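Colleague: Residue numbers (my numbering), protein chains in the order written: chain H, 1 to 373; chain Y, 1001 to 1527.
All residues carry an ideal CB built from backbone N, CA and C; glycine is no exception.
What you are looking at is a predicted structure, and each value in this text was computed from that prediction instead of being measured.
This structure is in structure tokens; I'll ask about it shortly.
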Ligand code: HEM
Ligand SMILES: [Cu+2]
Ligand SMILES: [Cu+2]
């Protein structure tokens, strides 16, 4: 792609204008990198050409009438106003065309629904506004959220090459293996779409949907959430890296080791400074979208944490809200989403940032005890 | 009292009441029709303003003008206002004005209810638009208001939104009952059903659709109301409810709704094309049957909006086949219009220009609809700008151009003056170019992967978005011209004959222009 953006300082908001020449003038669906996406592309092109052919005939006759049968040319109107044979013909022919079209469409659909005999199962959960990938067989999982800086979104710096299509943790899959996706959501409905796989499936709270893909070409593939899911719907992309199997296995080992280290962090003795530093990062990642970086929130939808009675009050109340969430609101239960160390860090951070100087420190052990009380 | 027996028509008996009460209390179908049309046009401008905000934000990548929260309110309000405020009331307005004139009836069958169903609408929209100023903002969950985004996660104003929808629904149902009662009971002697003008036919069928599905819409918003305020869990998975149920109920209303927005336009165009082709409509009977077939099939295709929610493969196939089938009667209509033009004697006044553009561009929208029906391909198209392109091709040159065509066609009858033809042609060409510039590139954007309902997009979508915004501004600005043309025409100009169009047919052209306040107090006889 290689798109650069340049500053247009004159405009108060600081608009950035992407240079026209460099941008991508893609006008058609990508054929993609899976058998499914290629089948879909084939169907798309077939039906497109059928439409173009029918259009050529219909509009051809119409334009002929417009040019030849004008009153200004002295054309006298004919008197026919029905013709049973013609009417039957133009009912039956489209019907036949549709039957012919339905056959390959049915075959592709049945194939897309065949989620049996998968090699790897990944549970994909949509959250407001990030994805969670759980490698069920390997017992590790992680969140994947947008990394595009707000400065780029608000046009304060030039936009990067993968603007809005970049994440912190990519989903990694091996090439040539059938990957089954089990999709669900934690809050509202989301939809997981990677165009080049030809996979789009809704992630619905309370349901588990299935989809599958087998990618043969290694590479990085990007997609987006395609079901309106609230304010940051535009900002929860999907990035999948397809790698050779050996590389995949090495990555899995790394992830498992990292999960283990994470668990050990709970046991470690933390200092206030360490917790604050870690907490700031966790906050930016997990909380700032709603409560804003400066803790001021977006009332009335998202309350301010700065000077909040709950945040500056007893630690248990604070733990309760963050670990178990507030049911029926956008405040999720973070107990299952963040590690004990991250929970302790973010709570400590909230209790001491933006002038909430409670001086309290909440340790991972405390969080562990709270969860298991 | 005068001793002279009033043996000529009663048309001179009484004219409209004076002042504001004329409009508040009127039971006259022409006054009510006019009010519906004015209301509809103001909603068109309001919904259009929201669209301009959307297009301005999407002009460049990045966030410049509005925040995502407000952007979502704009897309939602734009959709709601256009569908329920602009298109539906415009057709009810046309029905009010024209159905009695076309079937030789003195008025609508239920004139007081007619007044009520109109005045409910401004109330409903006042409530709806006021939500934008409430704390937490207006509806921000799309015009399809999927649960649980609109229930558990909706803004506090959602209850007002539900109330507004209820009022609109009541208004539509009453309007529909009125149309059915009028058409079935008040036709002039000799006007059998199969002699009715097609506009009357399509409206009759539309009215049945309305009565069938508006209660379903009322049902679904009532379930939302219960979930939000009374602790039920129809759509809340954590309480044992089912978010997909919402979509089934919504689209059971929603798909027939899209035909509600297009069938009356089919009817209007079927009046206009023969008039300016100076040739009878080709295949009248098949037009009627095709409309009926479309209406019936429209109840069997709702899940084509839900191909990605994970319905079982058998259901997927059923809805794919049923949707493809709808293309057949729709095709028949298009073929009939073209056959009507074929070997006619065509002239191209503004109503005809809009009608021809209707046929061409609606057909393009129909083609993309056929593509969307192919369920595997829909996995790629769904919820992208390809869908936005599709439904704007059926709504803007479909419903809206159909309304413009009707307005120009019948304006001489309404006002008694001819509109300014060259201004109307300018209106047509600028709308035509602006609309294609705005919406054609959206096909490319969708195919290249741009999701809908997003305030910011990846850089490869930048160019077409800019073009689309330019087209949208052009289309939007052009509509001010329409307002000028209508005002100018209402205020004077060349007097219109009773039948200003050489090839026009129908009872409405037998009364003088402007149509007197009371017409057909003695029914005409149709041979
Ligand atoms: C003035 C010309 C118009 C422009 C420039 C325009 C533009 C747009 C755009 C850009 C969107 C997509 C918003 C998004 O997904 O982010 C949209 C959505 C929509 N438009 Fe329009 N539109 C116009 C006229 C109409 C008309 C006449 C109708 C209906 C009769 C209509 C009905 C809708 C509906 C139902 C939606 C979907 C809203 C949603 O996503 O919930 N639009 N419009
Ligand atoms: Cu989303
Ligand atoms: Cu539909």
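In the structure shown, what three-state DSSP assignment does residue 244 (chain H) receive?
Modeller: Coil, per DSSP.
Colleague: Tell me whether residue 1220 (chain Y) counts as near ligand 3, meaning its Cβ is closer than 7 Å to at least one heavy atom of that ligand.
Modeller: It does not: the Cβ of residue 1220 (chain Y) is nowhere closer than 7 Å to a heavy atom of ligand 3.
Colleague: Going by the DSSP bridge assignment, what does residue 193 (chain H) pair with across the sheet?
Modeller: H:200 and H:224.
Colleague: Output, in chain order, the set of chain H residues within a Cβ distance shorter than 8 Å of residue 1360 (chain Y).
Modeller: Near residue 1360 (chain Y) (Cβ distances below 8 Å), the residues of chain H are 59 and 62.
Colleague: Mind listing the chain H neighbours of residue 1455 (chain Y)? Cutoff is C-beta to C-beta under 8 Å, in chain order.
Modeller: The answer, in chain order, is 234.
Colleague: Between which two residues does the alpha helix (DSSP H) harbouring residue 1179 (chain Y) extend?
Modeller: Start and end: 1158-1185.
Colleague: Take residue 221 (chain H) and list the residues in its own chain whose beta-carbon comes closer than 6 Å to its own, dropping the five residues that flank it on each side.
Modeller: Once the five neighbours on either side are set aside, the close Cβ partners of residue 221 (chain H) are 194, 196 and 240.
Colleague: Please tell me whether, using a cut-off of 7 Å, the distance from the CB of residue 81 (chain H) to the nearest non-hydrogen atom of ligand 3 is below it.
Modeller: No.
Colleague: Excluding the five sequence neighbours on either side, which residues of its own chain have a C-beta within less than 8 Å of the C-beta of residue 1330 (chain Y), listed in chain order?
Modeller: The residues are 1290, 1294 and 1366.
Colleague: Determine the extent of the beta strand (DSSP E) in which residue 141 (chain H) is found, giving its start and end residues.
Modeller: 140-144 is the extent of the beta strand (DSSP E) around residue 141 (chain H).
Colleague: Can you tell me the Cα-Cα spacing of residue 279 (chain H) and residue 1431 (chain Y), whole angstroms?
Modeller: Rounded to whole angstroms, residue 279 (chain H) to residue 1431 (chain Y) spans 55 Å at the Cα level.
Colleague: Classify residue 239 (chain H) as helix, strand or coil using the three-state DSSP reduction.
Modeller: Reduced to three states, the DSSP call for residue 239 (chain H) is strand.
Colleague: Does the region 1326-1341 of chain Y come close enough to the region 72-91 of chain H to have 3 or more Cβ pairs within less than 8 Å?
Modeller: Touching, yes, given that three or more Cβ pairs across the two stretches are closer than 8 Å.
Colleague: Looking at residue 227 (chain H) and ligand 2, is the gap between the Cβ and the nearest heavy atom below 7 Å?
Modeller: For ligand 2, at least one heavy atom lies less than 7 Å from the Cβ of residue 227 (chain H).
Colleague: So residue 102 (chain H) contacts chain Y; which residues on that side make the cut at Cβ distance below 9 Å?
Modeller: Chain Y residues near residue 102 (chain H): 1317, 1320, 1321, 1324 and 1374.
Colleague: Please list, in chain order, the chain Y residues whose beta carbon lies closer than 7 Å to that of residue 224 (chain H).
Modeller: By Cβ distance, chain Y contributes 1451.
Colleague: Secondary structure at residue 174 (chain H), three-state DSSP: helix, strand or coil?
Modeller: Here residue 174 (chain H) sits in strand by DSSP.
Colleague: As a quick check of your reading: which residues have a C-beta less than 6 Å from at least one non-hydrogen atom of ligand 3, in chain order?
Modeller: Going by the Cβ distance cut-off, the answer is Y:1255, Y:1258, Y:1301, Y:1304 and Y:1305.
Colleague: Which residues in chain Y sit within 7 Å of residue 108 (chain H), going by Cβ to Cβ distance?
Modeller: By Cβ distance, chain Y contributes 1376.
Colleague: Should residue 1429 (chain Y) go down as buried or exposed, given a rule of 16 or more other Cβ atoms within 10 Å for buried?
Modeller: So residue 1429 (chain Y) ends up on the exposed side.
Colleague: Comparing the C-beta of residue 1283 (chain Y) with each C-beta of chain H, is any distance below 8 Å?
Modeller: Interface residue, yes.
Colleague: Determine, for residue 1148 (chain Y), whether the minimum Cβ-Cβ distance to residues of chain H falls below 8 Å.
Modeller: Chain H contact via Cβ: present.
Colleague: Would the beta-carbon of residue 276 (chain H) be found less than 7 Å away from any heavy atom of ligand 2?
Modeller: For ligand 2, not one heavy atom lies less than 7 Å from the Cβ of residue 276 (chain H).
Colleague: Looking at C-alpha atoms only, which residue of Y:1482, Y:1278, Y:1444 and Y:1446 is the closest neighbour of residue 1346 (chain Y)?
Modeller: Comparing Cα-Cα distances from residue 1346 (chain Y) to each of Y:1482, Y:1278, Y:1444 and Y:1446, the minimum goes to Y:1278.
Colleague: According to DSSP, is residue 1505 (chain Y) part of a helix, a strand, or is it coil?
Modeller: Residue state, collapsed to three classes: coil.
Colleague: Among all the DSSP beta bridges, which residues are the ones paired with residue 120 (chain H)?
Modeller: Paired residue(s): H:179.
Colleague: Does the beta-carbon of residue 1371 (chain Y), which I'm using as the reference point, lie nearer than 7 Å to any heavy atom of ligand 2?
Modeller: Flag unset: Cβ of residue 1371 (chain Y) not near ligand 2.
Colleague: Please decide whether residue 1100 (chain Y) counts as near chain H, where near means a Cβ-Cβ distance under 8 Å.
Modeller: Judged by the 8 Å Cβ criterion, residue 1100 (chain Y) is not in contact with chain H.
Colleague: Please list, in chain order, the chain Y residues whose beta carbon lies closer than 9 Å to that of residue 187 (chain H).
Modeller: Under the 9 Å cutoff, chain Y gives 1148, 1149, 1152 and 1153.
Colleague: Specify the secondary structure class of residue 1379 (chain Y) as computed by DSSP and reduced to three states.
Modeller: The answer is helix: DSSP assigns residue 1379 (chain Y) an H, G or I state.
Colleague: Please report whether the beta-carbon of residue 229 (chain H) lies at a distance below 8 Å from any beta-carbon of chain Y.
Modeller: So yes, residue 229 (chain H) belongs to the interface.
Colleague: At a cut of 8 Å, does the region 57-72 of chain H reach the region 1243-1257 of chain Y through at least three beta carbon pairs?
Modeller: The region 57-72 of chain H vs the region 1243-1257 of chain Y: no contact.
Colleague: By DSSP, does residue 1237 (chain Y) sit in helix, in strand, or in coil?
Modeller: Residue 1237 (chain Y) falls in the helix class under three-state DSSP.
Colleague: Could you compute how far the alpha carbon of residue 192 (chain H) sits from the alpha carbon of residue 200 (chain H)?
Modeller: Roughly 5 Å between the two C-alpha positions.
Colleague: Against chain H, does residue 1030 (chain Y) count as a neighbour if the rule is that its beta carbon must be under 8 Å from one of theirs?
Modeller: Cβ-Cβ to chain H under 8 Å: no for residue 1030 (chain Y).
Colleague: Does the distance from the CB of residue 290 (chain H) to the CB of residue 353 (chain H) come in under 8 Å?
Modeller: No, these two residues do not count as a Cβ contact at 8 Å.
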